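Every letter in the sequence shown is one number past the one before it in our numbering, and letter 214, counting from 1, is 248. Glycine included, every Cβ here is placed at the ideal spot set by N, Cα and C. Keep in mind that this is a model prediction, so the values were computed, not measured.
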Amino acid sequence: MTPPRRRVLILGGTGEGLALGRALADDPRFEITYSVAGRTTAPVLPPTETRTGGFGGVNGLQLYLEGREIDLIVDATHPFAAQMSANAVEAAAETGIPVLALRRPPWTADDGDRWIDVPIMQAAADAIGAESRRVFLTIGQHDLAPFLTAPQHRYVLRSVEPPPEKLRPLDCLVMAERGPFALDGERALLAEHRIDILVTKNSGGDATRPKLIAARERGIPVIMVARPALPPATAEVPDVDAALAWLDAAHGFVLPTDRGV
Ligand code: NAP
Numbered sequence: 035m036t037p038p039r040r041r042v043l044i045l046g047g048t049g050e051g052l053a054l055g056r057a058l059a060d061d062p063r064f065e066i067t068y069s070v071a072g073r074t075t076a077p078v079l080p081p082t083e084t085r086t087g088g089f090g091g092v093n094g095l096q097l098y099l100e101g102r103e104i105d106l107i108v109d110a111t112h113p114f115a116a117q118m119s120a121n122a123v124e125a126a127a128e129t130g131i132p133v134l135a136l137r138r139p140p141w142t143a144d145d146g147d148r149w150i151d152v153p154i155m156q157a158a159a160d161a162i163g164a165e166s167r168r169v170f171l172t173i174g175q176h177d178l179a180p181f182l183t184a185p186q187h188r189y190v191l192r193s194v195e196p197p198p199e200k201l202r203p204l205d206c207l208v209m210a211e212r213g214p215f216a217l218d219g220e221r222a223l224l225a226e227h228r229i230d231i232l233v234t235k236n237s238g239g240d241a242t243r244p245k246l247i248a249a250r251e252r253g254i255p256v257i258m259v260a261r262p263a264l265p266p267a268t269a270e271v272p273d274v275d276a277a278l279a280w281l282d283a284a285h286g287f288v289l290p291t292d293r294g295v
C-alpha cells in the first residue's frame, strides 16, 4: 500500500536540520522542503527540494504554508535564531499546522569549568573586563557590535563566514571555518594564540563542544551567553532520532525498514 504523502517544511541551517533532511529524503511518506536563510555563501544542503531566503515575516510564512499546502513544520534552526522560531510558532498557530522544534539541549558546566553566565551579548562584552585580554570569540559573524566598544582586547574570531571589516573589533584575527572542531585542534588554537578567555553562545551539541573541554583543561574562563527565550512549539525534541519518531507518529504509517541517520 502506498502511504499518503505529507508535505514537511524543515527550517534548517543546522547540522540537525541537515541530518533530518538527509534521513527523510527518500522516505515515500514525506515530501520535504528544506529552507535556509541564505546567510552563508555555500550552505550544505540535503538532497531534497530546497529554498533560500526569508519568507517575509509571519504573514509571508503563513502565505507560503498555505500556498504550498504544508502539513508539518520542523523548526530545526539554531537555538539563537529566535525570530524565525517565533515566526514559525505564530504562523503555525494561525494556520493550525503543527510545528516540531528540534532543539539540541544546552551545554551545562562540568567540574573544573570556570563559566561566567550572562544573559545577552552586551553583558558578555562587559564581563571580559577593563584589562586587555586575549579573547577567543565564537559567537558567529553577527552580534559583534558590543565588542566594538571593548577595543582594549585582542580578539580571535571564528565564524563560518568572515564578517565585513567595519563590523569587526579593531584588533581581530578572523578564522573563517565551519565545525565540527576536534579537541586537539582546539587545544592547539588556545595555546598558539595564548587565549585567556573564551566567549560563546550556549549553542549545545557535540560539534563545537571541544572548545569547552580545551578551555577547562587550560583553566580558562568561558563567558557563556544564555539562549533567548522561545515560544513553545507543538512539541520539542532534542535530537534527530526523536524527530523521526515524532514524524512517524504524526504520519501514522510506520515504514517496516530501518533508516540510518
Ligand atoms: P533569526 O534572527 O531568527 O531570523 C531572522 C530572519 O531570517 C527570519 O525572520 C527569516 O526571515 C529569516 N530566516 C531565518 N532562518 C531561516 C530559515 N531557516 N529559512 C528561511 N528564512 C530564515 O535567524 P538567524 O539567527 O539570523 O539565523 C539565520 C540562519 O542561520 C538560520 O537558518 C539558523 O538556523 C542559522 N544559524 C544561526 C546561528 C545563530 O547563532 N543565530 C548559528 C548557526 C546557524 P523572514 O522573517 O523574512 O521570514
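DSSP three-state assignment for Trp-141, whether helix, strand or coil: It is coil, neither helix nor strand.
Same chain, Cβ closer than 6 angstroms to Arg-212, neighbours up to 5 away in sequence not counted: Within the same chain, Arg-212 has close Cβ partners Val-194.
Reference Glu-173, options Asp-151, Ala-127, Phe-114, closest by Cα: It should be pointed out that residue 173 corresponds to Ile in this sequence rather than to Glu. The residue from Asp-151, Ala-127, Phe-114 with its alpha-carbon nearest to that of Ile-173 is Phe-114.
Continuous alpha helix (DSSP H) stretch holding Thr-48: start and end: Thr-48 -> no alpha helix (DSSP H), and no H or E assigned at all.
Any beta strand (DSSP E) of 3 or more consecutive residues that is wholly inside the stretch 209 to 236: DSSP assignment within the stretch 209 to 236 yields the following whole beta strand (DSSP E) runs of 3 residues or more, N-terminal first: 231 to 235.
Candidates Arg-39, Asp-160, Met-155, Leu-54, of which the one nearest Leu-178 by Cα: Comparing alpha-carbon positions, the option among Arg-39, Asp-160, Met-155, Leu-54 lying closest to Leu-178 turns out to be Met-155.
Contact between the stretch 251 to 266 and the stretch 277 to 287 (3+ Cβ pairs under 8 angstroms): Output reads no: the stretch 277 to 287 does not touch the stretch 251 to 266.
Counted within 10 angstroms of its Cβ, other Cβ atoms place Arg-39 as buried (16 or more) or exposed: With fewer than 16 neighbouring CB atoms inside 10 Å of its own CB, Arg-39 falls in the exposed class.
Opening and closing residue of the beta strand (DSSP E) in which Thr-84 lies: Segment 83 to 86, the beta strand (DSSP E) holding Thr-84.
Burial state of Lys-298, where buried means 16 or more other Cβ atoms lie within 10 Å: This structure leaves residue 298 out entirely; the chain is present only between 35 and 295.
Through-space distance from Thr-36 to Thr-234, alpha-carbon basis: Taking the straight line joining both Cα atoms gives about 47 angstroms.
Touching by the beta-carbon criterion (3+ pairs, under 8 angstroms), the stretch 262 to 280 and the stretch 133 to 142: Contact holds: three or more Cβ-Cβ distances are below 8 angstroms.
Option in Asp-230, Pro-196, Ala-267, Ala-222 with minimal Cα separation from Pro-314: No answer is possible for residue 314: it lies beyond the span of the chain, which begins at 35 and ends at 295.
Spatial neighbours of Pro-265 in its chain, beta-carbon cut-off 8 angstroms, leaving aside the 5 residues before and after: For Pro-265, same chain residues with a beta-carbon under 8 angstroms away, outside a window of 5 residues either side, are Ser-119, Ala-120, Val-123, Glu-124 in chain order.
Distance cut-off 7 angstroms: Ser-193 Cβ against heavy atoms of the ligand COA: The ligand COA is not part of the structure shown, which contains the ligand NAP as its ligands.
Residue interval of the beta strand (DSSP E) (run including Thr-8): No answer is possible for residue 8: the residues shown for the chain start at 35 and end at 295.
Proximity to Gly-94 [Cα-Cα], best of Glu-65, Ala-126, Leu-106: Nearest of Glu-65, Ala-126, Leu-106 to Gly-94, Cα basis: Ala-126.
Span of the alpha helix (DSSP H), counted from its first residue to its last, around Val-92: Looking at the DSSP string, the run of the alpha helix (DSSP H) that includes Val-92 is 91 to 101.
Given 8 angstroms, three or more beta-carbon pairs between the stretch 222 to 229 and the stretch 194 to 204: With a cut-off of 8 angstroms, the stretch 194 to 204 and the stretch 222 to 229 do not count as touching, because too few Cβ pairs lie within range.
Residue environment, Thr-86, which counts as buried when at least 16 other CB atoms sit within 10 Å: Classification for Thr-86: exposed.
Lys-245 Cβ short of 7 angstroms to the ligand NAP heavy atom set: Every heavy atom of the ligand NAP is 7 angstroms or more from the Cβ of Lys-245, so no.
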